[in-house]
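For reference, each letter of the sequence shown is one residue, going -26 to -1, 1 to 289 in mature numbering (1 follows the signal peptide of the UniProt record, and there is no 0).
Just so it is clear, CB atoms sit at the ideal spot from N, CA and C, and this is done for glycine as well.
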Amino acid sequence: MLKWTRRAAVIGVMSLGLLVSGCSTTTTSTNNTESTSESSSAAATGNAQTTGNRQQTYKQLANMTYKSGGAAAIKVNSGKSTLAASQWKNSKIDYGNLDHLNRTTTDTAYLSRANLGKSAGRAAQTWSPTGWHNQPIKVNGKRVFPQNRGHLIAYTISFNLTNTGKYRAGEGGSLDNPKNLATQTAYSNQKTMQIYEDQVRTALQQGKKVIYQVTTVFRGNELMPRGYWSQAVSTDGSVNFNVYIWNVEPGVSFDYATGRGKADSGMQVAGADKVNSSANTSQSRSYSKRPTTSKQVERELYRYGYKYVKKHLQQ
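Okay, structure coming up:
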């Protein structure tokens, strides 16, 4: 049974080969619904090609199903961002509109050191994203809350920007913006996604400029994302990643159509409880002078017993 699970996970990773040629450069916010994307792309042939490639990649990601025991994240486009660093002009966030089901779409942030921030405490979040239930579940005898209100663009890198994404000095981070919140598992939010967010944070602390884009990936009319398509590039090229972060939780399985979950001892994530989201992120919101490299990220995610996935990621 274990061999079958591993093989299934490998097949899922290998299918990403199709995505390599399916991505092209884009820095615009793209709605998850096909009709909106197609109508907006009709303006120019180049835009139509870009939008079509994003749609293809999005569909492929949405149709993938996580297999227990798989890695917490997988590469898209061989791990290389399709964002154009030359598009960075000034600090802002382009928040994608909610779709017809009130779901988040794509947020693209153009960030500098000015957008870093932290606070002693945060106000309560009141917005309930689609699929949000905040239900406690007993996992291994412990009462846990497996869902978070996950930010597409992290709170700590969205300071001095309004809720419409415009620069305004003195603004706090994006905390309760409906266009920036989705139902995310605690593990995906606090462990996996933090690894990639930390690369962005560290680069900003070093005075670099970064374009960072996150797309919530839904299958059909489901209310809880299957995953988070995350990519970033810095203007100096030191940050460059493109990944799909599975929205999964060890010990819990979800009905993504509704967002409701239940305890499931058979649901495992490779390296769970060992991935500490890099030395930088493990310091919470402190900053390191050394950036987290892509190779460090991969070691964190894949070194713990999942050689099959690691092998295919290196191809």
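- Rounded to the nearest angstrom, the gap between the Cα atoms of Glu171 and Met241 is 25 Å.
- By the beta-carbon neighbour count (other beta carbons within 10 angstroms, threshold 16), Arg123 is buried.
- Taking C-alpha positions only, Lys183 is separated from Tyr69 by approximately 19 Å.
- When DSSP states are grouped into helix, strand and coil, Thr157 belongs to the strand group.
- Annotated as distal: Tyr84 and Ser102, with beta-carbon spacing of 8 Å or more.
- Within a 10 Å sphere around the beta-carbon of Arg77 sit 16 or more other beta-carbons, which makes this residue buried.
- Within the same chain, and ignoring the five residues on either side of Asn216 in sequence, the residues whose Cβ sits closer than 6 Å to its Cβ are Val50, Asn51, Gly53, Lys54, Ser55 and Gln205.
- The distance from the Cβ of Asn89 to that of Ser132 is about 6 Å, consistent with a contact at the 8 Å cut-off.
- Per DSSP, reduced to three states, the secondary structure at Ile127 is coil, with no helix or strand assignment.
- No residue range can be given for Ala97, since it is assigned to no beta strand (DSSP E) and is classified by DSSP as neither H nor E.
- Note that the C-beta distance between Val243 and Ala36 is not below 8 Å.
- Per DSSP, the unbroken alpha helix (DSSP H) holding Ala177 starts and ends at Met167 to Gln179.
- The segment 147 to 161 makes contact with the segment 102 to 112: 3 or more CB pairs, one atom from each, lie closer than 8 Å.
- Shown here, Gly201 sits in a strand according to DSSP, grouped into three states.
- Shown here for Ala59: same chain residues with a beta carbon closer than 6 Å to its own, the five before and five after excluded, namely Val207 and Thr209 in chain order.
- Between Gly235 and Val226 a beta carbon distance of about 5 Å is seen, short of the 8 Å cut, so the two are scored as contacting.
- Rounded to the nearest whole angstrom, the CA to CA distance from Lys33 to Val188 is 15 Å.
- Residue state for Gln109 is assigned as coil, using DSSP reduced to three classes.
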